[in-house]
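Chains as they are written, first to last, in our numbering: chain A, 63 to 553; chain B, 63 to 553. Built from N, CA and C at the ideal position, the CB exists for glycine as well. Take a look at the structure below.
Protein chains: 2
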Amino acid sequence: MSTPSSDTTEKELDAVLEAAAAAQTGLAALPTTARAEMLRRIADALDGAAGDLVPLANEETGLPVQPRLVGELGRTTFQLRLLADAVEEGSYLEATLDSPDPSWPAGGRPDMRRMLLPIGPVVVFAASNFPFAFSVAGGDTAAALAVGCPVVVKTNPGHPLVSALTGAVVSAALAAAGLPDGAIALVDGEEAGRAVVQDPRIKAGAFTGSAAGGRALFDLANARPDPIPFYAEMGSVNPVFVTEPAARDRGKDIADGYLASFTLGMGQFCTKPGLFFVPAAAAQSIEDRLVAGLADRPAARLLNERIAEGYTRTLAGLAGHPAVRVLHAGRDSAAGPAPTLLGTSAAELLAHHAELAVEVFGPTSIVVRYSSDDELLACARSFTGELTATIQGDGEEEVADLLLAELTDRAGRVLWNGWPTGVAVTYAMHHGGPYPATTSSLHTSVGATSLRRFLRPVAYQNMPQHLLPKALRDGNPLGIPRRVDGMPHPR
Amino acid sequence: MSTPSSDTTEKELDAVLEAAAAAQTGLAALPTTARAEMLRRIADALDGAAGDLVPLANEETGLPVQPRLVGELGRTTFQLRLLADAVEEGSYLEATLDSPDPSWPAGGRPDMRRMLLPIGPVVVFAASNFPFAFSVAGGDTAAALAVGCPVVVKTNPGHPLVSALTGAVVSAALAAAGLPDGAIALVDGEEAGRAVVQDPRIKAGAFTGSAAGGRALFDLANARPDPIPFYAEMGSVNPVFVTEPAARDRGKDIADGYLASFTLGMGQFCTKPGLFFVPAAAAQSIEDRLVAGLADRPAARLLNERIAEGYTRTLAGLAGHPAVRVLHAGRDSAAGPAPTLLGTSAAELLAHHAELAVEVFGPTSIVVRYSSDDELLACARSFTGELTATIQGDGEEEVADLLLAELTDRAGRVLWNGWPTGVAVTYAMHHGGPYPATTSSLHTSVGATSLRRFLRPVAYQNMPQHLLPKALRDGNPLGIPRRVDGMPHPR
């Protein structure tokens, strides 16, 4: 285990990048079954080290052991195993075969075969709020390794010891399996992070964190002589829209669900609901219930000093805004803040959108009273890019269709009668959205299709059988789903 | 038909962008069958206008009517029809359904359904060298319209009349079918082009043209407050590698094929082979045959003044380079240049790669003599990003594997015993490659998967049936291929 407290030096960094570049060929050449096996070995090793990892993460982040950290580690190893399954299943390769056809229009069709190949070494910037699931062995790392890309992780300074231990566990699992050295390495420090994203040996980047940090790294990636894709997931306001019939029929349950969602993990989720639109007629009773529910919510520590400072500053700005009422002021303790609830009106939100629709990373949210469906729709249209948007409705109201259309244009995930916190790791999950939620609305950082970020297509024209990758050979030796002459063939 | 000679004014531009934004909803809401029908109507209308379009294109570009322009228009309308088929077939939507599963690890799996939706209005920058296939109604426009994105075309100044007529034919076809107004519009002038790519109503861009132009627009797209994907295809050197056995056994045929490929269309293709690696032992006889073949090649006009000037300048720089020999100097006429052949050695290429491995847009190419397989591999490794790379081999030589591995890392398409000019419009075609061939190695501008550039995923969580898009409803009412609980179901 290396000393986690000192920043990576220039010389160390060069060695890490050289090793990553050198690992590329061996990692890419592994059969998909071997790469799947590698992911499962990493998952097993992490599960085996839970007794060391979880207490360390608890100490460094203040997140509770149960259910949070134990659950998060389980989610992390499940993610590795799900991606192992996806790699083995083989659809992700998008193997596509066109047979030769001299009668094909515009000059005939040659034998053409396309598949996706690893893009090359990837830099992953770890997040502060998920010491396992979005850190050293989190989703970005899992996706890159899964498709055959070596990973350089820029660790998050909020949990240096758990980062170093995770890295050591993963490296040991790879070494024990005789897998390529250099497939994963850690670097520490902001300067090192900026250097890695600009290094020509790095071919793509992924990031989970703040808007300012994500944009700065995205700009560096694009300013390179050879720009690289940089997938930054930068958070979101995650508005929730309660229709009139839903507020009337289920107001109490909706209030309770909202309260649980925005205070979960002390509000330190990129999917935390930050704005809660309720019809004026039901607003008072919903607000009363929320305020009552918040009365005995304890103060608790936030992840780290920087986040605590940012929270205090953003909250002060919002609470002091002339358009905002403080519905419940959380009573801070020495440990940290207690949840706070603010209120405003739809008219004020529309007038001051840029100041009020801001992400507060911590346990604060704003109730927004609206007075008509038209005003609700105007509010929906005032957003640009969100990870999630949620409707609480009864399904029969006329506004639901219209609201859904507006939200679908603006969010990566649209929920019905649910809560945005909790991002299931599944095949269909999309954890992304238009800017400023992410820097690439085409991609997701969670779920089976997260693999696609680190793959690029190559077409082979008239290539002899023995030179083709197995995935593209006649007779489908890997037994994977392929598209042949335009039609899907599942096996 | 609007006056094509004057640049679009700021006021006209605003109206165009407003119309594009307004067309988005209607175009996206069309059923896939109606969008496919729309593409076929456009194709029919263009075929019907061939008698006007082809002579105009001939006049403006100097490209021959037969087989070139007639063939190119046929390729263009075929492309529209192929994308119509791809849209109807429905795989492109990537419809993915996860059924609810409370036992799913990490908190249970909700009902989650994912599909791809149109990204929004797209700006397309037309190329000079394909007045039909990469211009107003070319591949980028076809792909954007196919998935439901309105298009603003920045016309190429090299063929203003054919651009305006194509735009009018397409608009009339859309209007006759009662399709959304504003689905396509043209703007003229560099200033207008820069304004469009920075306008918040535009959500993606595509470009075919020079490295300088593509990079400048890519930088503008990324510097926006809300960056958008910008897919620039910027050309390539397209190296061809002839192995020793191939040169020995098929030297004459290979020389003839190369000559035909690099002079095709007066060398004005982004896939023109610019470097031709031949073994030293066979080099003299191959060069002799090439020089003999070039003796009676006539001079001809290039596309336009700017391209002619650029060609003359780049050629002069190469021909005057101390490492370069002039094997055959084309005799220019008043009309334009005749093909020129240059020569150098692998050692010189490796020493002066940045100066010698440059794209010459016009009928010039360089023969590179190499003296060993190791030197050939070193040359292959000296490239970074190419649209294509070609091997001429016999398949049994040891170097073929190694060469293919290096080239696959660097090119979007790898050919065996073929020639890179001629980009078939098929399902498996990949016309792209790592930077500097393009600004996004993940995407293609030709073939069925070109649709992917203008689509973004959205996930629907626990959404009632009647609010879901038809593509995601229970019972698969559209009858499209979908992925259900992780497994592909073709229908």
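Legend entry - Cβ-Cβ distance between residue 124 of chain B and residue 363 of chain B below 8 Å: yes
Inset, instruction - Give the residues of chain A in contact with residue 479 of chain B, contact being defined as C-beta atoms less than 7 Å apart. - result: 524
Inset, instruction - Please classify residue 196 of chain A: does DSSP put it in a helix, a strand, or coil? - result: coil
Inset, instruction - Please list the residues of the segment 490-501 of chain A that have a C-beta atom closer than 9 Å to any C-beta atom in chain B, keeping them in chain order. - result: 490, 491, 492, 493, 494, 495, 496, 497, 498 and 501
Legend entry - Buried versus exposed, by CB contacts within 10 Å (16 or more), residue 233 of chain A: buried
Legend entry - N-terminal and C-terminal residue of the alpha helix (DSSP H) that residue 536 of chain A is part of: Where residue 536 of chain A is concerned, there is no enclosing alpha helix (DSSP H), given that its DSSP letter is neither H nor E.
Inset, instruction - Leaving out five residues on either side along the sequence, give the residues of the same chain with a beta carbon under 7 Å from the beta carbon of residue 512 of chain A. - result: 201, 205 and 506
Legend entry - 6 Å Cβ shell around residue 331 of chain A - same chain, five flanking residues per side excluded: 483
Legend entry - is_contact[residue 420 of chain B, chain A] using C-beta, thresh 8 Å: no
Legend entry - Distance CB(residue 342 of chain B)-CB(residue 310 of chain B) smaller than 8 Å: no
Inset, instruction - Measure the C-alpha to C-alpha separation of residue 439 of chain B and residue 257 of chain A and round it to an integer number of angstroms. - result: Their backbone Cα atoms lie some 30 Å apart in a straight line.
Inset, instruction - Report yes or no: is there a C-beta of chain B within less than 8 Å of the C-beta of residue 284 of chain A? - result: It does; some Cβ of chain B falls within 8 Å.
Legend entry - Segment contact flag, the segment 519-538 of chain A with the segment 457-474 of chain B, C-beta cutoff 8 Å, min 3 pairs: In this structure the segment 519-538 of chain A touches the segment 457-474 of chain B; the number of beta carbon pairs closer than 8 Å is three or more.
Inset, instruction - Output, in chain order, the set of chain B residues within a Cβ distance shorter than 9 Å of residue 174 of chain A. - result: 475, 486, 488, 489, 490, 491, 492 and 509
Inset, instruction - Could you tell me the distance, in whole angstroms, from the CA atom of residue 421 of chain A to the CA atom of residue 298 of chain A? - result: 6 Å
Inset, instruction - Could you pull out every residue in the same chain whose Cβ sits closer than 6 Å to the Cβ of residue 241 of chain A, ignoring the five residues on either side in sequence? - result: If we look at residue 241 of chain A and ignore the five residues flanking it on each side, its Cβ neighbours are 100.
Legend entry - Within 8 Å, strictly: CB atoms of residue 374 of chain A and residue 404 of chain A: no
Legend entry - contact_flag[the segment 159-168 of chain A, the segment 481-495 of chain B] where n(CB pairs < 8 Å) is 3 or more: yes
Inset, instruction - Under the assumption that residue 177 of chain A contacts residue 540 of chain A (Cβ atoms under 8 Å), give the Cβ distance between them as a whole number of angstroms. - result: About 11 Å; that fails the 8 Å criterion.
Legend entry - Candidates B:499, B:517 and B:494, of which the one nearest residue 503 of chain A by Cα: Of the candidates B:499, B:517 and B:494, the one whose C-alpha sits nearest the C-alpha of residue 503 of chain A is B:517.
Inset, instruction - At 9 Å on the CB atoms, spell out the chain B contacts of residue 369 of chain A, in chain order. - result: Per Cβ cutoff of 9 Å: no residues; residue 369 of chain A is ~24 Å from chain B at best.
Inset, instruction - Kindly list the residues whose CB is nearer than 7 Å to the CB of residue 224 of chain B, restricted to its own chain and excluding five residues on each side of it in sequence; keep chain order. - result: 115, 118, 119, 122 and 193
Inset, instruction - Check each candidate in B:480, B:479 and B:452 and name the one with the smallest Cα separation from residue 467 of chain B. - result: B:452
Legend entry - Contact set between the segment 446-464 of chain A and chain B, restricted to residues whose Cβ is under 8 Å from the partner: 446, 447, 457, 462 and 463
Inset, instruction - Pick out whichever of B:370, B:306 and B:360 has its Cα sitting closest to the Cα of residue 348 of chain B. - result: Nearest of B:370, B:306 and B:360 to residue 348 of chain B, Cα basis: B:306.
Legend entry - DSSP state of residue 256 of chain B mapped onto helix, strand, coil: helix
Legend entry - Continuous beta strand (DSSP E) stretch holding residue 518 of chain B: start and end: 517-523
Inset, instruction - Taking residue 402 of chain A as part of the beta strand (DSSP E), name the residues at either end of that continuous run. - result: 402-407
Inset, instruction - State the DSSP-derived secondary structure class of residue 86 of chain B, mapped to helix, strand or coil. - result: Note: residue 86 of chain B maps to helix in three-state DSSP.
Inset, instruction - State the beta-bridge partners of residue 165 of chain B as determined by DSSP. - result: According to DSSP, residue 165 of chain B bridges with nothing at all.
Inset, instruction - Below 7 Å between beta carbons is the criterion; list the residues of the segment 283-316 of chain A that meet it against any residue of chain B, in chain order. - result: 284, 288, 289 and 291
Legend entry - For residue 130 of chain B, the nearest candidate out of B:110, B:327, B:181 and B:359 (CA to CA): B:327
Inset, instruction - Please list, in chain order, all residues of the same chain as residue 112 of chain B whose beta carbon is under 8 Å from its beta carbon, the five residues on each side excluded. - result: 132 and 135
Legend entry - Contacts of residue 536 of chain A in chain B (Cβ-Cβ under 8 Å): Result: empty, since nearest Cβ-Cβ is about 14 Å, beyond 8 Å.
Inset, instruction - Compare the C-beta of residue 375 of chain B against all C-beta atoms of chain A and say whether one is closer than 8 Å. - result: no
Inset, instruction - With DSSP as the reference, label residue 295 of chain A as helix, strand or coil. - result: Three-state result, residue 295 of chain A: strand.
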